[in-house]
Amino acid sequence: MKDVLIKGGRLIRENEILDDMDVLLSGGKIASVDRALHDKAEGAEIVDAGGLYISPGFLDIHIHGAMGEMCEIATLEGMKKISLTLAKYGTTAFLPTLGASPHEDTVRLLKIIAGAKDKVEGAEIVGINMEGPYLNPKWAGAQRADAIRNYSKEELKEYIKVTDGLLTVMGLAPEVEGGMELVSDLKEAGIIPCAVHTDATYDQTTEAMKHGLKLTGHTFNAMRPIHHREPGIIVAAMLTDDLFSEYIADGFHTYTPIIEMAYRLKGEKRLVFVSDSVGGMGIPDGYYEFFGTQCKVSNGRITIGDSDILAGSASPLLFGVKNLHKTSEIIPLPHIIRMATLTPAEVIGVEDRLGSIDVGKDASVILLNDKLDVVRVWVSGKEIRY
């Protein structure tokens, strides 16, 4: 793998943007970050980044699919297509996310997804997210209601076994039968419990936090709404630093003022941007089957049939970053980028190698223009061409 010297770019850090910076990629790692690195880059490919942003690659911890492919119908070729599509849009690492499915199907699909880890050629698979099946059917949304069920210890043991250490996040409803026990069991197994598709009250949420709840999934969507006499899970999440919270910033799921409110309350170190994209990313408008349900893709929006019920996103994480940068007057670009890079890395415990442009970390780097369009992408030092 040839060394690469990215020269003269605008380096996006946690809290600032540094002009005229160089970044040297060597052996799949970030070898040096400074100005005027010519003397350290003999024989390297020179990339002129003048006028471009140098950013960590995005990390999407909640993504079901792209280009007509879904984790819920996973094949090796489908996972490869998802991986390459994500890289095209600047996502260099992701957690393939599996919705609620019958047990036998879940085991089969998890084996396929886990087996794809070392075979994909674009964005890196850094773990697996299971969104279900232990959810609240009241807030099923686009999830398969017939596959939602109560917690089974034996099922969880099998899911952990077949994923061979890759199961990273599990979405659940803490208030349903067995929910609190599930939170405790996940914490003990080193898996992140995430409250999602839930009707949890404020008190139930705070109780779940005592058991180890760490994350709320696509916050505000498919969960008990705020009421002034029952604030519910959303207010519980807003008022504590102990919970990270996912947000879909595509402009359809959660409007910018809501994200700005969450940002004022929790800050960029506790908010995580996710795409929650399904197979509708990158395909023409029309009717398709996702989660076993007919869904409509129209102008970047996905609904269950012709209803107004959202069924995941048709947009990559990049589009949420762009949307928020365009519409928010209070969230600076470095913090927007952090919420799509370093914060998700911290949630899943890979911040030692992903999430920022620092020496020794993986050379998963993207170049963006002023419109935040992706210009070039490297995953662990390998340039991804598309």
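When the count follows the working numbering, it moves up by one through the sequence shown with no breaks and lands on 809 for the last residue.
Built from N, CA and C at the ideal position, the CB exists for glycine as well.
Asked	Found
Counterpart residues of V592 in DSSP-defined beta bridges	N552 and I615
Member of A659, G451, D443 and E527 whose CA lies at the smallest distance from the CA of R776	G451
Candidates K745, S506, E578 and F517: closest to T529 by CA position	E578
Spatial distance of G550 from I656 (CA atoms)	26 Å
Rounded C-alpha distance that separates G743 from G674	7 Å
L499, buried or exposed, once every other Cβ within 10 Å from all chains shown has been counted against 16	exposed
Which residues DSSP lists as bridging F517, in chain order	D483 and I548
Neighbourhood of G602 by C-beta, 8 Å cutoff - its chain only, sequence neighbours within 5 removed	Y557, Y574, L595, A596 and A631
For D426, the nearest candidate out of K463, L434 and S736 (CA to CA)	K463
Nearest-angstrom Cα separation, counted from V802 out to G480	8 Å
Residues near L589 in its chain [Cβ-Cβ closer than 6 Å; skip 5 each side]	A537, G550 and I551
Contact check, D783 vs L765, beta carbons under 7 Å	One point to set straight first is that residue 783 is Gly, not Asp, in the sequence displayed. No; because the gap between Cβ atoms is not below 7 Å, this pair is not in contact.
At least three beta-carbon pairs within less than 8 Å, the segment 722-734 to the segment 748-756	no
A388 burial status per 10 Å Cβ neighbour count (16 or more: buried)	No statement about residue 388 is possible, as the shown extent of the chain runs from 424 to 809 and does not include it.
Candidates K504, P680, K511 and A472: closest to P519 by CA position	K504
Candidates N792, L532, D457 and H650, of which the one nearest L475 by Cα	N792
Euclidean distance between Cα positions of A539 and M502	7 Å
Neighbour-count burial assignment, V798, 16 or more Cβ in a 10 Å radius	exposed
Contacts around I440, its chain only, beta-carbon distance under 8 Å, and the 5 residues preceding and following it disregarded	R433, L434, Y476, L756 and P757
Bounding residues of the beta strand (DSSP E) (the contiguous stretch that carries E726)	In the sequence under discussion, the amino acid at residue 726 is Thr, which differs from the Glu named in the question. Where T726 is concerned, the enclosing beta strand (DSSP E) stretches over R724 to I727.
Among T514, E544 and A467, nearest to I486 - alpha-carbon criterion	T514
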